[in-house]
Ligand code: B4P
């Protein structure tokens with residue numbers, strides 16, 4: 001089993017859902033920048049206050065802020081595998097991650113792209129109903145994904161690390177596809 005993984009994909013593709021299952025099954029540390037940012041918001045920290053309005057508009061939190069969080073989390077890990085879920089989301093984040101991982105001597109084993117049609121993404125997120133799951137905000141998040149995050153597909157393809165997974169279907173069916181692609 002590969003144990004240093006990145007999950008890429010549009011909002012609502014199921015990155016968080018599948019990452020949690022895979023990490024639980026294989027004893028890998030799940031690092032979700034979305035969850036880490038939401039904890040800061042819930043705790044009312046200065047960082048959370050800065051992030052909240054940005055997230056509620058469906059924009060990306062600044063690279064500097066997200067990088068500071070990821071760097072401290074990665075440095076606190078004592079070896080073992082990890083799965084970065086929802087990070088990196090921009091080319092500068094990916095370049096900074098490369099630098100950090102080369103310092104830590106922990107290269108990425110694989111990057112998983114979860115692919116799903118916009119119609120299904122929108123339906124899933126509207127059904128969830130988080131503060132950033134209104135239709136207008138979801139459409140903005142999809143635009144931000146295409147503009148800022150989708151370029152990472154070619155970035156990781158060029159490094160020979162990218163595996164695409166069809167994210168349509170039941171949670172169990174997708175989990176099975178993921179297990180097969182890593183075994
Ligand atoms: P995230 O928390 O990363 O969330 P996401 O992309 O919206 O969702 P994900 O793909 O994880 O979908 P999930 O499993 O939850 O980002 C939120 C915000 O945080 C961003 O917009 C941004 O502002 C900020 N942020 C995070 N990382 C950042 C970074 N690196 N840089 C800058 N800003 C950052 O699934 C969605 C729903 O679908 C759930 O309700 C789930 O139950 C359901 N679902 C999942 N799989 C399903 C299936 N197979 N069938 C039916 N429903 C399913």
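Numbering (my numbering), first residue to last: 1 to 183. All C-beta atoms, glycine included, are put in the ideal place defined by N, C-alpha and C. Source: prediction; values computed, not measured.
The Cβ atoms of residue 69 and residue 4 lie no closer than 7 angstroms to each other. With 16 or more other Cβ atoms inside 10 Å of its own Cβ, residue 86 counts as buried. Shown here, residue 165 sits in a strand according to DSSP, grouped into three states.
Approximately 5 angstroms separates the beta-carbon atoms of residue 13 and residue 167; this is inside 8 angstroms, confirming the contact.
Within a 10 Å sphere around the beta-carbon of residue 19 sit 16 or more other beta-carbons, which makes this residue buried.
About 7 angstroms separates the Cβ atoms of residue 140 and residue 57, confirming a contact at the 8 angstroms cut-off.
With a threshold of 16 other beta carbon atoms within 10 Å, residue 15 meets it and is buried.
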